[in-house]
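In the working numbering, the protein residues as written are -9 to 67.
No residue lacks a Cβ here, since even glycine has one placed at the ideal position from N, Cα and C.
One structure is given here, and the rest of the page talks about it.
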């Protein structure tokens, strides 16, 4: 799982604890990528962060629903 984020993003500050909590409960790992470190990511996702990917598929932008994330992580892979 991956979260695209940026420093100073208030929505990212709200979403990351949700992702952290759900992943901890499910025993899942995730990484956080700062989009400002990659011009391609800035061009694509600048106004959409945070963006959460589950299994490489865009799952959520701006806000993360914990129940929906939990359900997505429960799906067979």
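>> On a Cα-Cα basis, can you pick out the residue from 13, 41, 39 and 40 that is closest to residue 64?
In response: Residue 64 sits at position 74 when you count from the first residue of the chain shown. Relative to the Cα of residue 64, the nearest Cα in the group 13, 41, 39 and 40 belongs to 13.
> Thinking C-alpha only, which one of 51, 58 and 29 is nearest residue -1?
Replying inline: Within the chain shown, the letter at position 9 stands for residue -1. Ranked by Cα distance from residue -1, the options 51, 58 and 29 are led by 51.
>> On a Cα-Cα basis, can you pick out the residue from 16, 15 and 3 that is closest to residue 24?
In response: Within the chain shown, the letter at position 34 stands for residue 24. For the residues 16, 15 and 3, the minimum Cα distance to residue 24 belongs to 3.
>> Tell me the DSSP secondary structure of residue 18 in three-state form.
In response: For the purposes of this step, residue 18 is identified with residue 28 of the chain shown, where counting begins at 1. Here residue 18 sits in coil by DSSP.
> Is it buried or exposed for residue 30, if we count other Cβ within 10 angstroms and need 16 for buried?
Replying inline: As a working note, residue 30 is residue 40 in the chain shown. By the neighbour-count rule (16 or more Cβ atoms within 10 Å), residue 30 is not buried but exposed.
>> residue 67 and residue 39 - do their beta-carbons sit closer together than 8 Å?
In response: To locate residue 39, count along the chain shown from 1; it is residue 49. To locate residue 67, count along the chain shown from 1; it is residue 77. Contact flag unset, no.
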